[in-house]
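The structure appears right after this line, and notes come after that.
Residue numbers (the UniProt record's numbering), protein chains in the order written: chain A, 1 to 320; chain B, 1 to 656.
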């Protein structure tokens, strides 16, 4: 015990001595709030859980902080919960929305807590995809008419005696059961249940040359790693998806748009003007998404790199 | 537990024929299945809804629309939210977030490490103090100091509130049979209802922020505190209570003078289980913006970055192990009260001063406040995990594919066809008959009610698919539980080696190992089963090991002296004597398997798990997800009651 006390005393002395030499907190002028902050205030930006969204949000947040002096609070939320936040005042903007007509009806038309703030310029494409090696080996597989020819190849432990169509992320609307039925395809829809499961399935398909066909979408960072080939379903025409049970056509092209809370729009502050003016292309988003997903940069660093390389685009948003 | 009726059933005559009757029922089931299969299966496609689901959607919408005008919100939920928010923000200000106009929290890393080590020593011992200090420094070396402290802040707040409410309720449940009977189904509900189901409504009631995350955590973490406290109070020997009663003590005196002191050690174990349960919610709470390690895991998963997710998952495991060992040491210490060392007081004072100095320095100096930024260890761990994953994916996937196919075709598919393709009335009748045969009339009534409610959810077929997977997973869990549990119970050395791996299996967030599992087994029902086994087997193994070790040494010696070899010793003495542990292991294994149904939905299990996940992701499926969550709870209650009825320890006598 005496020894322990001795050790303790020695430790105290040592700590005190080394401590005195250190730099004190507050010595170096703390960053402090900049003057511009006053007129922008806090900007609550929802971050939905996929990389493309994060890329868009990171660029908006970077510009809002650097050029407008806003205090950006990023909130990691699933879509549903983010929209719910419009009403409770916890979320100001969702900056990449995939359709979600049900949510628009509920929050824009009925509760009137949200308003649309225009397109992001990104086009969302949903469809059935195969790994590149399959498109190369079976060139005609990308036409839906030939899918039945290959059905037996896609059999798995989950699909019984039919081919497996791997469906996916429960966040996205899918018509695949109706499509399989109405196009008389010899396939069974198997619900993978997450984007992670889909990406892993395609990765393994390419690596082990095992046949996989599944639901996927772009823009998506994974397509930069593996250029999946899209299967052409009967072309989409306006209204062909009116009756969910009778759908026999491809998915429409989604115009990805921005949604903001009513309060945020009415205040018409600088952050709102930025969100409204924001517009870029799929390629732009893919670049930033690649920085984040493949180069493992932080979202803020990725945004900084893109903004510095594209001053003209940023200037155009701020000019409006 | 209300099983007094069990004693009334005359046992001896029935016992012999019971297995025969069970077998007869199963054979009859298969025979009726042959002509009737595929009819009355009550199937519902993933996109379809029943009126119940639509009604639930409407309720949800109504709540949302009235949120800002209803007085219940303005004066009740909002107050609770404000209180919890304030608590969490305060703890965060202390240890994790820049606060009070400073660029850093009040306590820097040195202060936190010192305080944690001091507390661990004070309530535990030197060994756990060293472990705690080492563990916390490890967070810093991983480059995850702030994230870890955010997680710690949220966990501590949730645990504090859980105990504040849970221990008094537990005492009440321990004293009153009626309250106990009332609260048990509620606790079952809280523990088996998938979190995904109530995340969205919680953010509606308590808004997005620390309050919702804390409440989501404590819904899951509070039941162990209540259950174990009640159990502790009930386990106090009757003689001790009667003695005080006869001395004329008041109820209050009995409680504070006898019941609480005598049950203190078990109550500390309840604290331990509450902490573990709270930590298992870290990743899920991150889906509603809970700060901390969970966010790191979820973000990493978006880019399938297994290494980074593993690094953060490892920090959660380390935190769990540290908190587990410290609380266990504390509960052991409670037992040895009165053996305080002569020098304990001065040493405590001296170390207290040392801790205070560390705190002061971490308040004042930058080097002691911010962990020196050297995430080298974290990066090395990530890279290692990536390499192992890649190796496994390329080298093992052919073999694992074969295992998957074997289990799927030989075991899962036949069982699933039997359950799913049978008409609903056939399955219902079989289950109720089995319940009546194994248990009592009461069990059969509960089971029948569960079957009726399952049909009411509109998700009968999905429930049967999930039930098939649950049964297969529980079987695998029990095989592992018996094999590894017996080994650990008989061999201290094996125990010491395996136990940390079991802790990791229980606390490593499932999200971390989903990617390699998906690569090895594809998006299939089997992947879901494997994930459930990884999570559930540790509990079963620990309980079996504990049971085997609990057999008195003299019994084992007597058997050995009588010339039993090892195999005979295990099968004739140790396993039969640990039978009540085996039942408990099966019961807990089952509950843990059910709690992984939703994770299974993320990796190809479909059925109820997918319904819940989809309900969380799409507004129009919300009601269906809620119904699926209820179906999981019903399956859990039904299987639990049947399993309990079949437990041998149950029939002779309940508590009091």
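The beta-carbon is built from N, C-alpha and C at its ideal position, and this holds for glycine as well.
Residue 328(B) vs residue 25(A) beta-carbon contact at 9 angstroms: no
Neighbour list for residue 298(B) in chain A, Cβ cutoff strictly below 8 angstroms: 49 and 76
Same chain, Cβ closer than 7 angstroms to residue 51(A), five either side skipped, listed in chain order: 221, 289, 292 and 293
Contacting residues, own chain, Cβ-Cβ under 7 angstroms from residue 56(A) (five flanking each side not counted): 95, 96, 120 and 285
Where residue 42(A) sits in the DSSP three-state scheme: strand
Span of the beta strand (DSSP E), counted from its first residue to its last, around residue 100(B): Neither: residue 100(B) is in no beta strand (DSSP E) and is coded neither H nor E.
Members of the stretch 153-168 of chain A that neighbour chain B once the beta carbon cut-off is set at 8 angstroms: 156, 157, 158 and 166
At least three beta-carbon pairs within less than 8 angstroms, the stretch 254-272 of chain A to the stretch 147-163 of chain A: no
Neighbour flag for residue 97(B) against chain A, beta carbons, 9 angstroms: no
Below-9 angstroms beta-carbon distance, residue 518(B) vs any chain A residue: yes
Residues of the stretch 99-132 of chain A whose Cβ lies closer than 7 angstroms to any Cβ of chain B, in chain order: 102, 103, 106 and 111
Within chain A, partners of residue 617(B) - CB distance below 9 angstroms: 78, 79, 80, 169, 170, 171 and 172
Presumed contact (8 angstroms Cβ cut-off) between residue 213(A) and residue 165(A), rounded CB distance: 6 angstroms
Secondary structure of residue 72(B), DSSP reduced to three states: helix
Length of the line joining the Cα atoms of residue 90(B) and residue 238(A): 55 angstroms
Test: residue 305(B) CB closer than 9 angstroms to a CB of chain A: yes
Boundaries of the beta strand (DSSP E) in which residue 167(A) is found, first to last residue: 163-167
Cβ shell of residue 115(A) (< 7 angstroms), same chain only, five flanking positions each side left out: 108, 260, 262 and 265
Distance cut-off 8 angstroms: residue 414(B) Cβ against heavy atoms of the ligand FMN: Only the bare structure without any ligand can be found here, which leaves the ligand FMN out of the picture.
Outcome for residue 345(B) when other beta-carbon atoms lying within 10 angstroms are tallied against a minimum of 16: exposed
Same chain, Cβ closer than 6 angstroms to residue 277(B), five either side skipped, listed in chain order: 220, 221 and 224
Check whether residue 292(B) and residue 153(B) have beta carbons under 9 angstroms apart: yes
Length of the line joining the Cα atoms of residue 69(A) and residue 122(A): 26 angstroms
Spatial neighbours of residue 383(B) in its chain, beta-carbon cut-off 7 angstroms, leaving aside the 5 residues before and after: 307
Contact set for residue 355(B): own chain, Cβ-Cβ below 7 angstroms, skip 5 residues either direction: 114, 115 and 118
Contact list for residue 292(A) against chain B, beta-carbon separation under 8 angstroms: 303
Residue of 462(B), 401(B) and 508(B) minimising C-alpha distance to residue 311(B): 508(B)
Cross-strand partners of residue 150(B) (DSSP beta bridge): Beta-bridge pairing links residue 150(B) to no other residue.
Contacting residues, own chain, Cβ-Cβ under 8 angstroms from residue 268(B) (five flanking each side not counted): 327, 330, 331 and 334
Inter-stretch contact at 8 angstroms, needing at least 3 Cβ pairs: the stretch 605-618 of chain B / the stretch 496-510 of chain B: no
Proximal residues, the stretch 51-65 of chain B versus chain A, C-beta separation under 9 angstroms: 61, 64 and 65
Proximal chain B residues relative to residue 221(A), where beta-carbon distance stays under 8 angstroms: 303
Closer than 9 angstroms to chain B by CB, residue 261(A): no
Chain B contact residues for residue 201(A), given Cβ-Cβ distances below 8 angstroms: 518, 522 and 523
Inter-residue Cα distance where the pair is residue 276(A) and residue 85(A): 19 angstroms
Neighbour flag for residue 622(B) against chain A, beta carbons, 9 angstroms: yes
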